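**Student:**
In the UniProt record's numbering, the protein residues as written are 1 to 223.
Structure below.
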């Protein structure tokens with residue numbers, strides 16, 4: 001998302017600077033620009049994506065796009081600078097103009113972004129486990145964040161806290177996988193310091209990180 005080979009618009013903008021650009025269809029969620037356009041039907045959405053693709057190619061700046069019935073969702077950021085730049089603002093403005101020309105409305109009130117936060121006194125100690133469970137490798141830890149580069153699961157923020165006795169866990173993660181993926185995830189999680197809490201059911205396996213925080217690896221077969 002947002003890969004570009006030219007140097008135009010390379011400077012990182014503050015959130016206030018982006019907000020001042022008046023992009024009425026767009027909202028900043030975390031460090032990314034998001035928009036949803038109500039296309040009404042799949043063919044209109046596909047045609048809109050085709051036009052959007054032409055804009056992105058001309059700008060040499062490529063968003064994440066999701067086509068569904070009856071809407072198209074778009075995300076923009078500049079990964080090379082870790083934030084938002086003039087490239088993002090300019091392309092967002094062009095995409096909105098394309099939508100307006102085609103009678104397609106933005107739906108900023110529908111926008112939301114889910115991230116997960118885990119209180120931990122040892123981000124480094126538990127980060128590898130959660131990276132291994134969620135992404136299949138312990139290597140996707142960036143500071144206090146576990147990030148899936150393929151964006152299959154939400155970002156997990158490892159929020160630093162003081163050490164404390166482990167309370168009864170009030171919530172946990174259910175991660176749905178194909179059955180053929182489960183064993184590799186368990187192996188990766190154990191190698192990253194995790195433990196198996198319960199593997200007796202046929203439809204899920206409960207794992208815990210080094211602090212006792214739990215995740216269920218779930219499969220649909222047999223339910």
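Cβ coordinates follow ideal geometry from the N, Cα and C atoms, glycine included. Predicted model, so just to flag it, every value in this text is computed and none were measured.
Which one of 153, 157, 132 and 134 has the shortest CA to CA distance from residue 143?
**Tutor:** Nearest C-alpha to residue 143: 157.
**Student:** Considering only residues of the region 57-120, which uninterrupted beta strand (DSSP E) runs meet the minimum length of 3 residues and lie entirely inside it, listed in chain order?
**Tutor:** As far as the region 57-120 is concerned, its whole beta strand (DSSP E) runs of at least 3 residues are 64-68, 71-76 and 116-120.
**Student:** Within the same chain, show all residues whose beta-carbon is closer than 8 Å to that of residue 145, passing over the 5 residues directly before and after it, in chain order.
**Tutor:** Result list for residue 145: 155, 156, 157 and 158, in chain order.
**Student:** Which residues does DSSP list as the beta-bridge partners of residue 137?
**Tutor:** According to DSSP, residue 137 bridges with nothing at all.
**Student:** Taking DSSP as the reference, what is the three-state secondary structure of residue 170?
**Tutor:** Three-state result, residue 170: coil.
**Student:** Among 110, 205, 105 and 221, whose alpha-carbon lies nearest the alpha-carbon of residue 40?
**Tutor:** Measuring from the Cα of residue 40, the nearest candidate turns out to be 105.
**Student:** Give a yes or no on whether the C-beta atoms belonging to residue 113 and residue 192 are separated by under 8 Å.
**Tutor:** No, they are not a contact pair.
**Student:** Just to confirm, are residue 175 and residue 217 a CB contact at a threshold of 8 Å?
**Tutor:** Yes. Within cutoff.
**Student:** Going straight from the alpha carbon of residue 1 to that of residue 60, what length do you get?
**Tutor:** Confidence in residue 1 is poor, its pLDDT being 49 and thus under 50, which makes the residue's placement too unreliable to answer from.
**Student:** Express the C-alpha separation of residue 111 and residue 27 in angstroms, rounding to a whole number.
**Tutor:** If I take the Cα positions, the gap works out to 8 Å.
**Student:** Buried or exposed for residue 15, going by 16 or more other Cβ atoms inside 10 Å?
**Tutor:** Flag for residue 15 reads exposed.
**Student:** Suppose contacts are defined by Cβ-Cβ distances below 8 Å. Is residue 13 in contact with residue 76 by that definition?
**Tutor:** Their beta carbons are not under 8 Å apart, which means residue 13 does not touch residue 76 by this criterion.
**Student:** Which of the three DSSP states is assigned to residue 206 in this structure?
**Tutor:** Strand at residue 206.
**Student:** Checking 8 Å against the spacing of the C-beta atoms, do residue 119 and residue 53 come in under that value?
**Tutor:** No. Outside cutoff.
**Student:** Looking only at its own chain, which residues have a Cβ that is under 6 Å from the Cβ of residue 69, when we skip the five neighbours before and after it?
**Tutor:** Hits under 6 Å: 42.
**Student:** Between residue 144 and chain C, is the shortest Cβ-Cβ distance under 8 Å, so that the two count as touching?
**Tutor:** Here chain C cannot be found, since the structure has a single protein chain.
**Student:** For residue 20, which of helix, strand or coil comes out of DSSP?
**Tutor:** Three-state result, residue 20: coil.
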